[in-house]
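**Q** First, the structure itself, so that you have it in front of you.
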Amino acid sequence: MKHSTKLGLIIAIAVVSAILEFGFGLSLVAQIIITTTGTLIALSMLKEMIKTLRSGSYGVDLLAITAVAATLAVGQYWAAMIVLIMLVGGDSLEDYASKKAHTELKALLDNSPQTAHKVVADKLVDIKVDEANIGDQLVVKPGETVPVDGHVIKGSSMFDESSLTGESRPITKNIGDTIYSGSINGDSAVTMTVDKLAKDSQYQRLIQLVKQADSTPAHFVRMADRYAVPFTGIAFVIAGIAWFVSKDPVRFAEVLVVASPCPLILAAPVALVSGMSRSSRNGIVVKTGNVLEKMATAKTAAFDKTGTITSGRLFVDQIKPVAGTTKEELLGYAASAEQSSGHILARSLLNYAVKHEVKLLEVQQLSEVTGNGVTAQIAGQTVKVGKASFVAPTAKIAETTQTCVYISLNDQYIGVITFIDKLRPEAAQTMQALRDHGVKHLMMLTGDQQAIAQTIAKEVGIDDVRAKLLPEEKIQALKTVPESEHPVIMVGDGVNDAPSLTVADVGIAMGAHGATAASESADVVILKDDLLKVAKAVEIAQDTLRIARQAVLIGIFICVFLMLVASTGWIPAIVGAMFQEVIDTVSILWGLRARYSHEK
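Dropping the structure here:
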């Protein structure tokens with residue numbers, strides 16, 4: 001039975017009992033009805049308490065059961081009814097608070113794309129999103145949601161990615177740019193090529209993360225149980241002394257009635273769910289409440305280099321044409337040939353060409369040789385872009401250690417374009433922010449060369465550098481962190497980081513570029529391509545933990561004060577039962593403060 005249904009039933013019984021007692025003078029009948037109802041619910045609570053003892057949920061249920069039993073035993077049956085309404089009403093309020101706190105997370109589910117417009121023989125045919133295959137061409141009309149992940153092959157438009165990244169500013173997407181399912185197209189139609197099936201696309205992965213975050217219980221609730229043991233002891237001691245001194249068993253019931261367990265039951269989980277909601281609004285999916293507790297107390301943070309501290313995206317570094325060819329011509333041929341490709345180098349090349357206003361030439365014919373490059377017919381000439389052995393197998397080309405593409409025109413080598421991976425501009429700020437939040441030990445775990453790793457680490461402020469590591473060696477490095485420097489956060493983005501993210505106390509995946517394995521292995525997924533979000537996640541976790549403790553302690557202090565007052569006989573049992581609602585409301589509202597961001 002749902003808590004709201006049970007609450008409605010109890011209220012109905014209370015109304016009927018009130019009519020019988022105060023309308024017809026049948027107080028004994030009303031007492032029997034309420035006593036029977038209270039006994040049945042107390043027994044069901046006792047049964048539930050026995051089931052949950054293994055999880056550590058002791059103390060809280062015992063207080064509630066004893067309060068109901070004591071008030072019924074001394075004839076204060078209306079006080080018992082109010083306690084019952086409070087307990088079941090508290091559960092209903094928790095359901096409502098949790099639903100409100102999950103609003104931002106569940107918004108993803110509401111916008112899930114259902115249909116797509118497929119280009120078939122120059123006509124548009126509506127299909128289900130699940131029917132879109134890799135390589136299909138789809139048209140995304142103005143105002144529509146992008147159905148699957150892909151890249152733009154025709155047109156240009158602004159896209160709203162706020163549901164994915166939390167970024168409110170629309171992003172311009174040009175030919176070659178990746179567009180993600182779940183983002184909303186602006187005022188221009190674009191044609192895209194499908195890069196991933198619907199089930200593998202960004203939006204569906206986020207939905208799975210949301211479902212996991214919703215369904216996984218928050219381990220941190222046990223913090224309240226740690227308070228429950230001494231709180232229960234204090235309640236029984238005060239109630240016992242009051243009974244002993246006054247020689248009146250009613251005094252025992254009056255004390256226990258105000259010993260509300262709801263601050264312990266509700267405040268911590270409400271705060272945690274609220275903190276997870278705040279994280280979601282900031283472009284951070286936190287899978288469990290337990291993760292928030294670990295992040296809040298983290299002492300070590302380890303980072304992968306490529307794609308994490310660096311951008312993980314290659315940018316055009318140098319354009320080197322041979323004699324007789326200009327840089328503009330070389331870039332124009334290369335970008336024109338690559339404009340329909342989804343390869344990372346092609347996208348970087350196109351972005352650079354568009355930025356520098358290089359005119360793209362019309363491609364009459366295009367073929368792609370997997371693993372080698374592309375061949376394009378442009379203005380009656382053959383342009384090849386790719387590996388040296390593919391572009392100009394007979395030419396003597398000076399090899400370079402940088403990532404690059406070679407270009408030939410009519411089988412004549414005409415130049416090379418090199419690429420570099422740039423340091424994230426926010427990397428150094430992120431390290432300083434983590435230190436400010438109490439994360440003192442910063443590590444870099446990378447498979448790159450020691451010299452390169454040291455240079456990058458020095459720029460961002462990392463002292464502990466471990467280079468040339470295989471995935472299993474990264475795991476070993478994490479395991480060697482002293483216990484005094486735990487919890488340990490590991491931040492990565494690629495498939496090779498997935499094992500390390502699993503081993504760390506908290507694994508954080510930079511998931512903006514669709515690192516599926518990393519995202520599935522991680523406890524936290526950063527949806528926006530911003531390393532500073534790692535520090536923001538720690539900040540939110542610390543705020544949430546602080547508010548959760550405050551909510552629990554505020555409720556406990558109010559309860560203890562009222563118990564002391566009730567021990568003198570100044571608070572009748574029925575009034576004390578009403579005070580519980582005030583205590584519960586204060587604790588829950590305080591816990592909900594974690595939902596609201598403090599960002600300017």
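Okay, so the sequence shown: first residue is 1 according to the UniProt record's numbering, each after it adds one.
For each residue, glycine too, the CB sits at the ideal point set by N, CA and C.
Values in this document were obtained by computation on a predicted structure and should not be read as measured data.
(1) Write down the C-beta distance between valine 257 and glycine 38 rounded to the nearest angstrom, noting that I regard them as a contact closer than 8 angstroms.
(2) So within the segment 244-321, which uninterrupted alpha helix (DSSP H) runs reach at least 4 residues, ignoring any that extend past its ends?
(3) Along the chain, where does the beta strand (DSSP E) containing histidine 151 start, and where does it finish?
(4) Take leucine 20 and list the residues in its own chain whose beta-carbon comes closer than 6 angstroms to its own, dropping the five residues that flank it on each side.
(5) For lysine 123, count the other beta carbons within 10 Å of its own beta carbon; 16 or more makes it buried, fewer makes it exposed. Which is it?
(6) Less than 9 angstroms separating the beta-carbons of isoleucine 150 and asparagine 351?
(7) Output yes or no for whether 9 angstroms exceeds the beta carbon distance between alanine 379 and glutamate 357.
(8) What alpha helix (DSSP H) runs, 4 residues minimum, are completely inside the segment 383-461?
(9) Over the uninterrupted beta strand (DSSP E) stretch that includes serine 157, give me the two end residues.
(10) Specify the secondary structure class of alanine 198 as computed by DSSP and reduced to three states.
(11) Identify the continuous beta strand (DSSP E) that holds alanine 116 and give its terminal residues.
(12) Find the nearest neighbour of leucine 472 within the set Val534, Leu445, Ala594, Val506, judged by alpha-carbon distance.
(13) What does the alpha-carbon distance come out to for the pair aspartate 529 and serine 181?
(14) Mind reading off the beta-carbon distance from proline 147 to alanine 132? Whole number of angstroms is fine, and I expect it under 8 angstroms.
(15) Taking C-beta to C-beta, are valine 405 and valine 383 nearer than 9 angstroms?
(16) Tell me threonine 375's beta-bridge partners as DSSP assigns them.
(17) Quick check: what's the CA-CA separation for lysine 327 versus proline 321?
(18) Among residues of its own chain, excluding the 5 on either side of glycine 172, which ones have a beta-carbon nearer than 6 angstroms to its beta-carbon?
(19) Take alanine 541 as the anchor and find which of Val524, Val552, Gly555, Ala566 has the nearest alpha-carbon.
(20) Quick one: grab the DSSP three-state call for aspartate 523.
(21) What does DSSP give as the partner residue(s) for leucine 7 in the beta ladder?
(22) By the DSSP assignment, the beta strand (DSSP E) with leucine 124 in it spans what residues?
(23) What is the residue span of the alpha helix (DSSP H) that leucine 138 lies within?
(24) Just to confirm my understanding: we take threonine 418, look at its own chain, exclude 5 residues before and 5 after, and list those with CB closer than 6 angstroms. What are they?
(25) Using 10 angstroms around the beta-carbon of alanine 101, count the other beta-carbons present and answer buried if the total reaches 16, otherwise exposed.
(26) Skipping 5 residues on each side, what residues in its chain have a beta carbon closer than 6 angstroms to that of threonine 178?
(27) In its own chain, which residues sit with a C-beta less than 8 angstroms from the C-beta of alanine 428, not counting the 5 before and 5 after it?
(28) On the CB-based measure, 16 or more other CB atoms within 10 Å of its CB, does arginine 595 come out buried or exposed?
(29) Would you kindly report the start and end of the unbroken beta strand (DSSP E) that includes arginine 549?
(30) Return the residue from the list Ala253, Ile309, Thr430 that minimises the CA-CA distance to tryptophan 78.
(31) Return helix, strand or coil for alanine 323, following the three-state DSSP convention.
(32) Where does glycine 507 sit, in a helix, a strand or coil, going by DSSP?
(33) Would you identify the three-state DSSP class for asparagine 133, choosing helix, strand or coil?
(34) Give the secondary structure of alanine 69 by DSSP, where H, G and I count as helix, E and B as strand, and everything else as coil.
(35) Excluding the five sequence neighbours on either side, which residues of its own chain have a C-beta within less than 6 angstroms of the C-beta of isoleucine 574, listed in chain order?
(36) Measure from the alpha carbon of methionine 490 to the alpha carbon of each residue in Ser587, Leu314, Ala298, Ala388, then state which is nearest.
**A** To lay it out plainly:
(1) Their Cβ separation, rounded to whole angstroms, is 13 angstroms, which puts valine 257 and glycine 38 out of contact at 8 angstroms.
(2) Counting only runs of 4 or more, we get 249-257, 268-281, 289-296.
(3) That run of the beta strand (DSSP E) goes 150-154.
(4) Within its own chain, the residues whose Cβ lies closer than 6 angstroms to the Cβ of leucine 20, once the five positions on either side in sequence are excluded, are Leu26, Val29, Ala30, listed in chain order.
(5) If you draw a 10 Å sphere on the C-beta of lysine 123, you find fewer than 16 other C-beta atoms in it, and that means exposed.
(6) What sits at residue 150 in the sequence shown is glycine, not isoleucine. Against a cut-off of 9 angstroms, the Cβ pair of asparagine 351 and glycine 150 comes out as no contact.
(7) No, they are not a contact pair.
(8) Within the segment 383-461, the complete alpha helix (DSSP H) segments of 4 residues or longer fall at 388-391, 427-436, 450-460, listed in chain order.
(9) According to the DSSP assignment, serine 157 belongs to the beta strand (DSSP E) that extends over 157-160.
(10) Here alanine 198 carries a helix assignment [DSSP, helix/strand/coil].
(11) Segment 115-120, the beta strand (DSSP E) holding alanine 116.
(12) The identity of residue 472 in the sequence shown is glutamate, whereas the question assumes leucine. In this structure, Leu445 is the residue among Val534, Leu445, Ala594, Val506 with its C-alpha nearest to the C-alpha of glutamate 472.
(13) Their backbone Cα atoms lie some 16 angstroms apart in a straight line.
(14) Here proline 147 really is in contact with alanine 132; their C-beta atoms are around 6 angstroms apart, less than 8 angstroms.
(15) Against a cut-off of 9 angstroms, the Cβ pair of valine 383 and valine 405 comes out as no contact.
(16) Looking at the DSSP assignment, threonine 375 forms a beta bridge with Ser367, Lys384.
(17) If I take the Cα positions, the gap works out to 6 angstroms.
(18) The sequence shown places threonine at residue 172, not glycine. Same-chain partners within the cutoff: Met158.
(19) For alanine 541, the nearest C-alpha among the options comes from Val524.
(20) In this structure, aspartate 523 counts as coil in the three-state DSSP scheme.
(21) In the DSSP output, where bridge partners are listed per residue, leucine 7 has none listed.
(22) Segment 123-128, the beta strand (DSSP E) holding leucine 124.
(23) In this chain, leucine 138 is not harboured by any alpha helix (DSSP H); it is covered by the beta strand (DSSP E) spanning 137-140.
(24) The beta carbon of threonine 418 lies closer than 6 angstroms to those of Asp317, Gln318, Gln402, Cys404 in the same chain, with the five residues before and after it left out.
(25) Unreliable positioning characterises alanine 101 in this predicted model, as indicated by a pLDDT of 42, which lies under 50. A coordinate reading is not provided.
(26) Contacts found: His151.
(27) Cβ neighbours of alanine 428 beyond the five flanking positions: Glu459, Val460, Gly461.
(28) Buried, by the Cβ-count rule.
(29) Going by DSSP, arginine 549 is part of no beta strand (DSSP E) but of the alpha helix (DSSP H) stretching over 532-566.
(30) When each option's Cα is compared against that of tryptophan 78, the closest is Ala253.
(31) Three-state result, alanine 323: coil.
(32) If DSSP states are grouped into helix, strand and coil, glycine 507 belongs with the strands.
(33) Here asparagine 133 carries a coil assignment [DSSP, helix/strand/coil].
(34) Helix, per DSSP.
(35) Only Trp78, Ala79 meet the Cβ criterion.
(36) The shortest Cα separation from methionine 490 among Ser587, Leu314, Ala298, Ala388 belongs to Ala298.
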